[in-house]
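Student: Protein sequences, first through last, are from chains E and H. Those letters in the first sequence? Residues 3 to 708, per the working numbering, in order. Those letters in the second sequence? Residues 20 to 175, per the working numbering, in order. For every residue, glycine included, the Cβ atom is placed at its ideal position computed from N, Cα and C. First the structure, then my questions, so here it is.
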Amino acid sequence: MSKISESIKRYDFEDKIQGKAIYTPDFHPEGMIFAKTFRSKVSRAKILSLQLPPLPKGYFIVDHHDIPAKNIVPVVFEDQPVFAVDEVNYIGEPILLVVGPEKRVILEIMNNISIEYQIIQPILSIEEAETCSAPFIFNNKPYFVDYEYHKGNFDDSVRRAKRVISDEFKTGYQEQAYLETQSMVATYDGHTVCVQGSMQCPYYIVEALKVALGWNESRIRVIQMPTGGAFGGKEEFPSIPGVHAALAAIKSKRPVKLVYDRQEDIQCSSKRHPSIISIKSYLDENDEIIARDIDVKLDGGAYAGLSSVVLQRSIFAAAGCYNIENLFVRGTAYATNNVVSGAFRGFGGPQAFYAIEMHMENIAKQLKKDPIELRRKYFVKQGDTSSTQGTFHDPIVLDLIANEVIAMSDFKSKRLRFESEKLKGIGCSIFYHGCGFTGAGEAELIKPSVRIKKEKSEIEIFISSTEIGQGVLTTMRKIVSSTLEIPIDHVHHNYPDSRDCPDSGPTVASRTVLIVGRLLQDCAIEMKKRWNEESFEIIQSYVYPSHLRWDNQIFKGNAYPDYSWGANVVEVEINADTYEIDVKGIWAVYDIGIPIDDKIVKGQIEGGIVQGLGYAMMEVLESKKGKLSQDTFTTYIIPSSLDIPPIYSKLVKNPSTIGPFGARGLGEIPLVGVAPALACAVQQAIGTNITKIPITPEDIMKGVQL
Amino acid sequence: MKIDFVLNEEKVSVEVEHSNRLLDVLRDDLHQISVKEGCGEGECGSCSVLMNGKLVNSCLIAIASVDGCHILTLEGYRKTKRFEAIRKGFEVSGSVQCGFCTPGFVLAAEALLSENPDPSALEVMKGIEGNLCRCTGYQMIVAGILEAKEIGKGLW
């Protein structure tokens, strides 16, 4: 075991265990008042008129008139307004804020706002978007983006094929369900606006403030507060409450707190994209898979948000861990009048791996082959090219991962036994997660920098990476102190403040340890050489590795700087009376390189698996006429302690050549493979193909063959 | 109306609307920031406190019903030896990630161990079923409580 992997006490532990950590809702600057968001109750309409009640002294309305520069939330496209002007496109779209000292009075004012709408026919699903005609939501087409890429000679292979196996799968929404809702506090001193809050990406909010206010960055400050969970839900979304709170503070000249209640948070914050994915495999006369046709459709909701980037990850992941020489892959992110879909742990991967892994399972079933051995035949290896024709430069140990998970779970004998035991099943999945931004994004879009400072014997880390429970305040100290070979207590690191932390990129894409950690290691190596100097600082910026290539126009080359790999096995038994799924065990093996802290890694693995379990079989979230039907924790059911099966996890040690101390990305991969392994198990148990997630007892009742 | 109760072994008196939630009185009037609001409907347990020794969701308790009661929050509990055992158990087991649910879990552990000082893993899982955690997947919290019961043997 590497020394760096030995667990240490987390640096954020004491504040949290004692309840002393000040989260945004706990923060009360002197003179603070409150804001609440008035939102659209219809999914698509023109706003004809809006009548406000008389405002008591000390109360304010903040709306699009209060935006000094652009009424735009900058994400990828510039289509989403900070506040609606004359039209609304989804239920929950912000129209204005009511701001003032008493929450009760704010609610009274909200209740007395009257708004007159002219309803426009909404587009409420992927299917409706595919067939809709004008007026479109986004420019002059029914989708935000559509992509395709090719590998090999697809058409020739299709002509050669003797057999076609095809499937279509649907996946539902998923809510991040962080325990702390979206929360922001903004203060304004007449010159600088400061936004403090619950967030993953301080510099996304800096950028959003620059765009809305038109101010120089020197008048903008963003500070992360201790954050009660994020899971992607605090990636791009917090720019909206961040800018709202800032506008309210600037107008009222008072500190303003904006905290969502749970129902509001579920209704209006971003969700995992629902998907429809079709896959066709073409087989030759020897039942070899020679070509594959993949079509991914995502429901992006009312504004483009991150849908284009999620779709890219989804279409790359949909080829799975397999080397199929001839590919034709398409993807479309549709515009609908549903809530805006966005980042969620896995970022398009969970939908894609659900589809490709179920499809591989179905091929194995049709060919009467062992499901893992069929997959193994096509595993990508070092030196192969990926679906986007980038060379895999590093060793890929999928064979070892598969062997380990088979041995741990006793997969083969159980699989055989359950063929004759009713309502019992075992399933597997093989998956990867690309670490870091897609393609050359790290170098071209993000351009991350880090800074470390030496003052006598004390070292301080300045990065914009956020502590969202994943342990960044501990792992980064470990990387720096181990590189410098000094006691860790001499290394200091706090929650990021844009005033003194350079933009090291967002805390997303399983990139923090791999990319930011590596930059810190490079700084520390440099610092060590100059250790005799008393005080100095080192700033390091990312350089795109020379062995990688990427063409973003045709999606050709190395889609990611590095990959983590994994396999899951899930065993289930179906209750014959209730059709509920009893999960007997989950086995998980990963190659995440060298762990930076064993306990932190275990926490990410188990937490990710349980979130994946919720996605697979519990977390039903449906849009009915544009309104989410499950918008409380009573109706949107996330796993509790009683829903948890035994989880057995193991790491294979295959050091990364890029990451610090050989570490790869970890945050997302544990969620990615759970749903297909569970669905394959259910499929064996009931003998009917599972084509959607989450799998409900009603689905099983319909499909069960007793 | 005026409500008198004992908060963390000290008498307090608050002048509030009778329908106010105990959660808001604790957070807004008595600065008990460890008591978190996660859902506002008694599903997540982030606002857990001990009311006369029983674990309750303070978002579901009207302040009028607290008159004369003993309320314990983490601000009070963290001064005890039992807390030290839970703290150590959670530390070695990696039971804390984002930390937002943590105060509720600490008090749920206290309620469980004071009822059953030697719970099995299954009993721990049942004991914390009213508290939601989205980060850990629960196993490391269960391990933390089992560790705490060993460290704090004789305290419960």
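For E:PHE433, which option in E:ARG378, E:GLY427, E:THR477 has the closest C-alpha, if you only look at C-alpha atoms?
Tutor: The sequence position of residue 433 of chain E within the first sequence is 431, counting from 1. Minimum Cα distance to E:PHE433 is reached at E:ARG378.
Student: Three or more C-beta pairs under 8 Å: does that hold for the segment 104-117 of chain H against the segment 149-163 of chain H?
Tutor: yes
Student: Are the segment 39-52 of chain E and the segment 81-94 of chain E in contact at 8 Å, needing three or more beta carbon pairs?
Tutor: The segment 39-52 of chain E is in contact with the segment 81-94 of chain E.
Student: Grouping DSSP H, G and I as helix and E and B as strand, with all else coil, what is E:ILE326?
Tutor: Taking the first residue of the first sequence as position 1, residue 326 of chain E is located at position 324. DSSP places E:ILE326 in coil when its eight states are reduced to three.
Student: Spell out a yes or no on whether the segment 130-147 of chain H and the segment 244-259 of chain E are touching, meaning 3 or more CB-CB pairs, one atom from each, closer than 8 Å.
Tutor: no
Student: For E:CYS682, report the span of its alpha helix (DSSP H) as first-last.
Tutor: By 1-based counting over the first sequence, the position of residue 682 of chain E is 680. E:CYS682 -> alpha helix (DSSP H) spans 676-688.
Student: Could you tell me which of E:GLU469, E:SER548, E:SER51 sits nearest to E:ALA23, measuring between CA atoms?
Tutor: Here residue 23 of chain E refers to the residue found at position 21 when the first sequence is read from its first residue. Considering only alpha carbons, the answer is E:GLU469.
Student: Who are the neighbours of H:THR155 on chain E, taking C-beta pairs under 7 Å?
Tutor: One-based indexing of the second sequence puts residue 155 of chain H at position 136. For H:THR155, the chain E residues whose C-beta falls within less than 7 Å of its own C-beta are GLY605, GLU608, GLY609, listed in chain order.
Student: Between E:LEU644 and chain H, is there a C-beta pair that is closer than 8 Å?
Tutor: Against the first sequence, residue 644 of chain E aligns to sequence position 642. Yes, because at least one Cβ of chain H sits closer than 8 Å to the Cβ of E:LEU644.
Student: Could you check whether the Cβ of E:GLY33 sits closer than 8 Å to any Cβ belonging to chain H?
Tutor: Indexing the first sequence from 1 puts residue 33 of chain E at position 31. So, not an interface residue.
Student: With DSSP run on the structure shown, which of helix, strand or coil describes E:MET186?
Tutor: Translated into the one-based positions of the first sequence, residue 186 of chain E becomes position 184. Correct three-state label for E:MET186: strand.
Student: Is it the case that the Cβ atoms of E:HIS713 and E:ASP169 are separated by a distance below 8 Å?
Tutor: Nothing in the structure corresponds to residue 713 of chain E, since chain E is present only between 3 and 708.
Student: Can you give me the C-alpha to C-alpha distance between E:VAL518 and E:LYS480, rounded to a whole angstrom?
Tutor: By one-based count along the first sequence, residue 518 of chain E stands at place 516. By one-based count along the first sequence, residue 480 of chain E stands at place 478. So the two alpha carbons sit approximately 13 Å from each other.
Student: If you draw a straight line from the alpha carbon of H:ASP23 to that of E:LYS105, how long is it in whole angstroms?
Tutor: Walking along the second sequence from the start, residue 23 of chain H turns up at place 4. Walking along the first sequence from the start, residue 105 of chain E turns up at place 103. About 25 Å.
Student: Once DSSP output is grouped into helix, strand and coil, what is the label at E:VAL341?
Tutor: In the first sequence, residue 341 of chain E corresponds to position 339, counting from 1. Coil at E:VAL341, not helix or strand.
Student: Between E:GLY231 and chain A, is there a C-beta pair that is closer than 8 Å?
Tutor: In summary, chain A is missing from the structure at hand, where the protein chains are E and H.
Student: Going by DSSP in three states, E:CYS437 sits in which element: helix, strand or coil?
Tutor: Here residue 437 of chain E refers to the residue found at position 435 when the first sequence is read from its first residue. Strand.
Student: If you follow the alpha helix (DSSP H) that E:GLY244 is part of, which residue opens it and which one closes it?
Tutor: If you number the first sequence from 1, residue 244 of chain E lands on position 242. Element bounds for E:GLY244: 241-254.
Student: Which class does E:GLY154 belong to by DSSP, given the choice of helix, strand or coil?
Tutor: One-based indexing of the first sequence puts residue 154 of chain E at position 152. Coil, per DSSP.
Student: From E:ILE291, E:PRO204, E:GLY199, E:GLY307, pick the residue whose C-alpha is nearest to that of E:VAL261; which is it?
Tutor: Walking along the first sequence from the start, residue 261 of chain E turns up at place 259. Per the Cα distances, E:GLY199.
Student: Rounded to the nearest angstrom, what separates E:ASP263 and H:VAL25 at their Cα positions?
Tutor: Along the first sequence, read from residue 1 onward, the residue named residue 263 of chain E stands at position 261. Along the second sequence, read from residue 1 onward, the residue named residue 25 of chain H stands at position 6. Each residue's Cα considered, the two are about 29 Å apart.
Student: Find the residues of chain H that neighbour E:ALA23, judging by a C-beta separation of less than 8 Å, and give them in chain order.
Tutor: Within the first sequence, numbered from 1, the residue matching residue 23 of chain E stands at position 21. Residues of chain H passing the Cβ test: GLY118.
Student: Answer yes or no: do E:ALA210 and E:VAL101 have a C-beta to C-beta separation smaller than 8 Å?
Tutor: Counting from 1 along the first sequence, the entry for residue 210 of chain E is found at position 208. Counting from 1 along the first sequence, the entry for residue 101 of chain E is found at position 99. For E:ALA210 and E:VAL101, no; Cβs fall outside 8 Å.
Student: Just to make sure I have the definition right: I need the residues of chain H whose C-beta is within less than 9 Å of the C-beta of E:ARG714. Which are they?
Tutor: Outside the shown range of chain E (3 to 708) lies residue 714 of chain E, about which nothing can therefore be said.
Student: From what residue to what residue does the alpha helix (DSSP H) around E:PRO352 run?
Tutor: For the purposes of this step, residue 352 of chain E is identified with residue 350 of the first sequence, where counting begins at 1. It spans 351-369 - the alpha helix (DSSP H) in which E:PRO352 sits, taken as one unbroken run.
Student: Quick one: what's E:GLU460 bridged to in DSSP?
Tutor: By one-based count along the first sequence, residue 460 of chain E stands at place 458. In the DSSP assignment, the residues bridged to E:GLU460 are E:GLU457.
Student: Measure the Cβ-Cβ separation of E:GLU406 and E:VAL591 and say whether it is below 8 Å.
Tutor: Translated into positions along the first sequence, residue 406 of chain E becomes position 404. Translated into positions along the first sequence, residue 591 of chain E becomes position 589. In terms of Cβ geometry, E:GLU406 and E:VAL591 form a close pair [threshold 8 Å].
Student: For E:TYR180, decide whether its Cβ has a neighbour in chain H, counting only Cβ atoms nearer than 8 Å.
Tutor: Counting from 1 along the first sequence, the entry for residue 180 of chain E is found at position 178. Judged by the 8 Å Cβ criterion, E:TYR180 is in contact with chain H.
Student: Can you pull the chain H residues whose beta carbon is under 7 Å from the beta carbon of E:PHE718, in chain order?
Tutor: With chain E covering 3 to 708 only, the question about residue 718 of chain E has no answer from this structure.
Student: Do E:VAL382 and E:CYS323 have their CB atoms nearer than 8 Å?
Tutor: Translated into the one-based positions of the first sequence, residue 382 of chain E becomes position 380. Translated into the one-based positions of the first sequence, residue 323 of chain E becomes position 321. Yes, the Cβ-Cβ distance between E:VAL382 and E:CYS323 is below 8 Å.
Student: Could you tell me which chain E residues have their CB closer than 8 Å to the CB of H:ARG106, listed as they occur along the chain?
Tutor: For the purposes of this step, residue 106 of chain H is taken as the residue at position 87 of the second sequence. Ordered by position in chain E, the residues that pass the 8 Å Cβ test against H:ARG106 are ILE19, GLN20.
Student: Could you give the C-beta distance for E:GLU709 and E:HIS492, rounded to a whole number, given that I count them as a contact under 8 Å?
Tutor: This structure gives no information on residue 709 of chain E, because the portion of chain E shown stretches from 3 to 708.
Student: From the DSSP output, in three-state form, read off E:TYR25 for me.
Tutor: Here residue 25 of chain E refers to the residue found at position 23 of the first sequence. Three-state DSSP puts E:TYR25 in coil, outside helix and strand.
Student: Measuring CB to CB, does E:ILE541 end up less than 8 Å from E:THR485?
Tutor: Residue mapping note: residue 541 of chain E aligns to position 539 of the first sequence, counting from 1. Residue mapping note: residue 485 of chain E aligns to position 483 of the first sequence, counting from 1. It is not a contact, given that the beta carbons lie outside the stated cut-off.
Student: If E:LEU308 and E:GLY351 are in contact, beta carbons under 8 Å, what's the gap, nearest whole angstrom?
Tutor: Within the first sequence, numbered from 1, the residue matching residue 308 of chain E stands at position 306. Within the first sequence, numbered from 1, the residue matching residue 351 of chain E stands at position 349. At roughly 14 Å, the Cβ-Cβ gap does not stay under 8 Å, so E:LEU308 and E:GLY351 are not in contact.
Student: Which bits of chain E does H:THR121 rub up against, with CB to CB less than 7 Å?
Tutor: The count along the second sequence starts at 1 and reaches residue 121 of chain H at position 102. Those within 7 Å of H:THR121 in chain E are LYS18, ILE19.
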